[in-house]
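Position 45 of the sequence shown, counting from 1, maps to 45 under our numbering, and the rest follow consecutively. All residues carry an ideal CB built from backbone N, CA and C; glycine is no exception. Step one of this worksheet: look at the structure below.
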Amino acid sequence: MTMTDDRQERIRNRAHQIWQEEGQPAGHHERHWHQAAADVDREDAGSPSTGKKPAKKATAVGKAKAAPKEEKAAAKASKPKASKPKKAAK
1 MTMTDDRQER IRNRAHQIWQ EEGQPAGHHE RHWHQAAADV DREDAGSPST GKKPAKKATA
61 VGKAKAAPKE EKAAAKASKP KASKPKKAAK
């Protein structure tokens with residue numbers, strides 16, 4: 001097996017792994033291939049194995065970021081304060 005064949009096989013295996021991690025979506029083979037090639041190139045360059053992290057699913061919805069403190073304070077200030085019930089006179 002030549003060096004090029006070995007690289008192609010590594011890319012093929014990595015692309016398959018990416019495809020599986022993303023839930024086996026149809027029609028994304030080119031993106032998976034290019035991502036896999038970049039991962040293999042990074043490995044060959046001696047960079048940390050950043051390609052080993054699972055890819056995010058394309059259909060996943062990210063968590064909403066927390067509102068900045070100023071927005072939270074403004075929202076809190078705009079809410080009407082609940083008043084305590086008054087004691088009945090005897």
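Quick one, which of the options has its alpha-carbon nearest residue i's?
i          : options      : result
residue 17 : 44, 37, 3, 4 : 37
If you check the beta carbons only, do residue i and residue j fall under 9 Å apart?
i          : j          : result
residue 29 : residue 22 : no
With DSSP collapsed to three states, give me the class of residue i.
i          : result
residue 32 : helix
residue 62 : In this predicted model, residue 62 has a pLDDT of only 44, less than 50, meaning its place in the structure is not dependable enough to derive any value.
residue 15 : helix
residue 2  : coil
residue 26 : coil
In angstroms, rounded to a whole number, what distance separates the CA positions of residue i and residue j?
i          : j          : result
residue 6  : residue 42 : 15 Å
residue 39 : residue 9  : 13 Å
residue 44 : residue 25 : 28 Å
residue 31 : residue 20 : 13 Å
residue 35 : residue 14 : 9 Å
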